[in-house]
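Line by line, the protein sequences give chains A and B.
Residues in the first sequence are numbered consecutively from 1, following the numbering used here.
Residues in the second sequence are numbered consecutively from 1001, following the numbering used here.
Even glycine gets a Cβ: it sits at the ideal position worked out from N, Cα and C.
Protein chains: 2
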Amino acid sequence: MLSWYLESGKENDVIISTRVRIARNIKGFPYKLKQSKEDEKALLSKIKEITPQIGYGLKFLELKDIDDLTKMTLVEKHLISPEFAMDDKRQTAILLNDEENICIMINEEDHIRLQVFSSGLAIEEAKNLAIEIENKIGKLLPYDYSEKYGFITSCPTNFGTGMRISIMAQLTALDKTGNIRKVLEVVQNLGMNIRGIYGEGSKTSANIYQISNKQTLGISEEQLAKNIKQITEKIIEQERLARKLLGKNELELEDKVYRAYGILKYCRKISSSECEKILADVKLGTDFGILNELNDAKIKKMQLYTKPANLQKFIGKKQDAYERDISRANVIKQIIDE
Amino acid sequence: MLSWYLESGKENDVIISTRVRIARNIKGFPYKLKQSKEDEKALLSKIKEITPQIGYGLKFLELKDIDDLTKMTLVEKHLISPEFAMDDKRQTAILLNDEENICIMINEEDHIRLQVFSSGLAIEEAKNLAIEIENKIGKLLPYDYSEKYGFITSCPTNFGTGMRISIMAQLTALDKTGNIRKVLEVVQNLGMNIRGIYGEGSKTSANIYQISNKQTLGISEEQLAKNIKQITEKIIEQERLARKLLGKNELELEDKVYRAYGILKYCRKISSSECEKILADVKLGTDFGILNELNDAKIKKMQLYTKPANLQKFIGKKQDAYERDISRANVIKQIIDE
């Protein structure tokens, strides 16, 4: 079954992914700061018990039962945070389905951190699925709720709907033309957060921005989804316009993109950080419609399986950094030739 | 007709080219330092007159009649020196055949600087051809000769045979292993010169060394050729041995070579100096027998037609540096696809 991460979503020339996250706490269970070991265990037991009733092919997995390499693959896929993966003091778990588009963290900051992922732009779909699952769990285990503050969360910034919608966007042309500054300003004035995401292995920005809502209180889920969709569509429009302008100096871009492709195709070893940079360059090529030798799905696959932990999972054995650099080049060649 | 420069000669994994040069001065004509304009002209007229009798398809060309771009192509092919090409104060000429393996400079340091070139290792052949031509000219115009000093030249270091044999060798592995130091020492102790040649556009050494004789006096042409052949064969043997040892870490080399090939194949523009470096890297690949996508003849062709003047000749028009960078990438692609 294809992981959501490998699918090619809507507007994928600009939008990498959509994530909807809902934070909830279960009535009658102490919150993180007051949880004893027994409280943590009690919550896990309860969640484990109801997992089959939730459905969606979700499987209950305690983090202590997941080996380190697999945990790192989940971090690399952005399904769980590094802190959550590393925390060996608390009793934690996840509910995960095979497509990995639903990942619910248990005993993170809140009792329940429900996440729905989608490739490309899919705010409505992700939001609806998240709410559907939230309802289902809520019927099995009632949430803490206040008339005044809505759903209660560990951190008051999540009070209300407890919902955060995040969009990952590749804003290469806006970044390059400098127009990104205007976009950042406008988006922030509209009550949204937007911030640059830096590559994992490198200090250089991959021109990736995360757009998400600040507000969770006093706004309905419907309205929130509508607002963030409107803003995102505006940004997509602006980015595409900027790309058209940049396209006038197409040769420079073509040279950059095709050199990256040449290295990708012919290297015999490649480090994680160089690979990340090179993949960002070839992605420019498919996004701008000037590289025909690859497509978005292949690039997504390369982006995933060249990350250290996922690479080792993919080839089925543990390797040191030097061996990985060689395997990485082989996996890339394999995906190109598919 | 194929220029000698583009042919693939013997031992071409190590030896780039062989050049035999003979310096002569014509009896009864003043030497460079004492030549008046009229003397220069008189010599040119005389040489022009006898050119058809020399044969070998040689054409008499006054340098003032050659356009600058063509002059630069001759410099890039190492047929004439930059100083000779640039000297617009003296009346100078060359005798050149279509294959360009014979190039005789008139009114350079000596009246006659006869050069015979060959790709790869061809000391005997080049020496015999040079002597044959030297004899032919000497019968038409007697040379200055002394019983004590042999043939008289402008600079006393060329007295005697006036013959210099130069071998261009690619000593990558000896350079890399550091064993080159021992080779340099041995060669110099045997009375030969050996020096590193640096790339034209770059500060980095391309691991190319020129081996040539110091002595011209008191040694016959036969003995000289024999000596330099022996030394060169020893160097070839040492270089091949060093390559075998280096080959143990083949992956590093393969990575370097194939990355260079990837850039060569996919770049959309490339500068002269980067191109020189990249071509040296792919040449490693064919020399070491690890790059199958190219061969020596194609690399030679790329090396020639990516040089600024030859590039413009090849595409048939003058271009500025930026345009040339684009044309260079196109010409490379064309040669790869041939």
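Comparing the C-beta of L1251/B with each C-beta of chain A, is any distance below 8 Å?
yes
Determine which residues share a DSSP beta bridge with E1062/B and list them.
A1093/B
For E1323/B, decide whether its Cβ has a neighbour in chain A, counting only Cβ atoms nearer than 8 Å.
no
So with Cβ pairs under 8 Å, would you call R1090/B a contact of chain A?
no
With which residues is T18/A paired in a DSSP beta bridge?
S118/A and I167/A
Cut-off 7 Å between Cβ atoms - residues of its own chain near K1176/B, not counting five sequence neighbours on either side
L1246
Have a look at R1328/B, R1259/B and T1232/B and flag the residue whose alpha-carbon is nearest the alpha-carbon of L1184/B.
T1232/B
Quick one: measure Cβ to Cβ for Y266/A and Y1261/B, integer angstroms, because I've assumed they're closer than 8 Å.
6 Å
Endpoints, alpha helix (DSSP H) assigned at C275/A:
S272 to D287
Establish whether the CB of I1131/B and some CB of chain A are separated by less than 8 Å.
no
Using a Cβ-Cβ cut-off of 6 Å (strictly less than) and excluding sequence neighbours within five positions of I219/A, which residues of its own chain qualify?
none
Who are the neighbours of C1267/B on chain A, taking C-beta pairs under 9 Å?
D255, Y258, R259 and G262
I1332/B versus chain A: which residues are under 8 Å apart at the beta carbon?
Within 8 Å Cβ-Cβ: nothing; I1332/B doesn't reach chain A, min ~12 Å.
Sub-8 Å separation of T1161/B and E1221/B beta-carbons
yes
What residues of chain B sit near I326/A, judged by a beta carbon separation below 8 Å?
L1251
Between A309/A, R259/A, F84/A and I106/A, which lies nearest to I50/A when the distance is taken from Cα to Cα?
I106/A
If you run the structure through DSSP and keep just helix, strand and coil, what is S1008/B?
coil
For S1036/B, the residue or residues it bridges with in DSSP:
Its beta-bridge partners do not exist; DSSP assigns none.
Between I137/A and I112/A, is the Cβ-Cβ spacing less than 8 Å?
yes
I'd like to know if the region 110-124 of chain A and the region 85-93 of chain A are in contact, where contact means that at least 3 CB-CB pairs between them fall below 8 Å.
no
Measure the beta-carbon distance from N1179/B to A1242/B and round it to whole angstroms, keeping in mind my assumption that it falls under 8 Å.
6 Å
Option in K1244/B, L1096/B and A1280/B with minimal Cα separation from I1197/B
A1280/B
Along the chain, where does the alpha helix (DSSP H) containing I1231/B start, and where does it finish?
E1221 to L1246
Under the three-state DSSP convention, the category I50/A falls into
helix
By Cβ distance, which residues of its chain are closer than 7 Å to Y1143/B, with the 5 residues on each side in sequence left out?
R1024, N1025, I1026, K1027 and F1151
Segment limits, beta strand (DSSP E) that includes I104/A:
I102 to I106
For the alpha helix (DSSP H) that N135/A lies in, which residues bound it at each end?
I123 to L140
Would Q1170/B and V1014/B qualify as a contact pair, given that the criterion is a beta-carbon distance under 8 Å?
yes
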